[in-house]
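All remarks here apply to the structure that follows.
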Ligand code: UDP
Ligand code: MG
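Numbering (the numbering used here), first residue to last: 243 to 558.
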């Protein structure tokens, strides 16, 4: 009896990637030929691109029945794209990969071999050097991993990429987390399962520019902390308590001083400084609470993660 070939679904979030896609598609074809012992499904998620990304994907899809696609009604973000792709995927294994070839698809051979032979549920990649990113971005990324490591009990691997190959059961577990504020790296880690981490060197973007501005990255980093740690709330309470304690000591000192030396009207500038300082701290912590509140607000509304404008019909 001939064994049925296993299928790998590749989920590829794309936002304005018309230049990278032809290069990626060529690479994927090459890979599929080399890995002819498995079937492939290429799932392109057009995240509301404004260029010819969708047209390019449709052209692939016309000629190639391994190509499926979803096109969003607007830009919902990479996280929503990943979720939509995982939902639509049908493979026994699912891999998430960027469209810009920074993560070489060729790595998939080794990843598949590892997952099959070493009995892991997931094989993920991390990098020690981001060739394509500015020094500033590298610096902030490093600091951020140290920070999230201290703040969250969900383990986060420094330099982790989104490129990973997962077994179906892990994908199903992720799909059970349809939270609105998504931070995939945290979610991957939260669901657990045996994960093998392989180190590799990220390449340069095949074409086009990074779709993450500094502001977008900052928002994403904040998302990671808010979604996977409540420590900022505890910290603000502790610092509040500390200031109460200082104030209490100061009151006692002032009372004693007044009783001993009388009450000259002096020291108001320092008082003004203290008031401004303390109210600043209060506003800052209100801000932290507000951020959590706004996340709860969005979560409670249960808005859809994405809205589909068009998608390929399943041919199998
Ligand atoms: N991406 C997306 N939606 C967005 C931003 C990015 O689907 O709103 C996709 C993008 O097309 C690429 C992947 O996410 O395939 C990673 O983006 P990029 O390479 O720009 O990020 P960087 O490598 O700079 O972190
Ligand atoms: Mg990239």
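C-beta atoms are modelled at their ideal positions from N, C-alpha and C, and glycine is treated no differently.
Owing to the predicted nature of the structure, the values given are computational and were not obtained by experimental measurement.
The Cβ atoms of residue 250 and residue 280 sit closer than 9 angstroms to each other.
Between the segment 405-412 and the segment 351-362, the count of C-beta pairs closer than 8 angstroms reaches three or more; the two stretches touch. Relative to ligand 1, the nearest heavy atom lies less than 8 angstroms away from the CB of residue 454.
Just so you know, the alpha carbons of residue 272 and residue 252 end up roughly 14 angstroms apart. Under DSSP, residue 256 forms a beta bridge with 288. Residue 328 sits away from residue 349, with the two beta carbons spaced by 9 angstroms or more. Taking the CA atoms as reference points, residue 470 sits about 18 angstroms from residue 435.
DSSP, read as helix, strand or coil, puts residue 368 in strand.
For residue 360, there is no enclosing alpha helix (DSSP H), as DSSP marks it with neither H nor E. DSSP lists 550 as the bridge partner or partners of residue 314. In the three-state reduction of the DSSP assignment, residue 308 falls in the coil class. Counting only residues of its own chain and dropping the five nearest sequence neighbours on each side, residue 369 has a CB closer than 8 angstroms to the CB of 401, 403, 441, 442, 443, 444. The beta carbon of residue 295 sits closer than 7 angstroms to the beta carbons of 256, 258, 259, 260, 263, 288 from its chain, once the five residues preceding and following it are set aside; these are given in chain order. If you draw a straight line from the Cα of residue 396 to the Cα of residue 430, it comes to about 10 angstroms. The shortest CA-to-CA distance from residue 463 to any of 513, 299, 501, 423 is the one to 423.
Here DSSP, grouped into helix, strand and coil, assigns residue 280 to strand. Beta-bridge annotation (DSSP): residue 335 is paired with 250, 409.
Under the 10 Å beta carbon count, residue 539 is surrounded by fewer than 16 other beta carbons and is classified as exposed.
Judged by the Cβ position, residue 440 fails to qualify as a neighbour of ligand 1 at the 8 angstroms threshold, every heavy atom of the ligand being at least this far. In the three-state DSSP reduction, residue 326 falls in the helix class (H, G or I). In the three-state DSSP reduction, residue 392 falls in the helix class (H, G or I). For residue 500, the enclosing alpha helix (DSSP H) begins and ends at 473-503. The beta carbon of residue 362 sits closer than 7 angstroms to those of 356, 436, 437, 438, all from its chain and outside the five residues before and after it, given in chain order.
As DSSP reads the structure, residue 402 sits in a beta bridge with 368.
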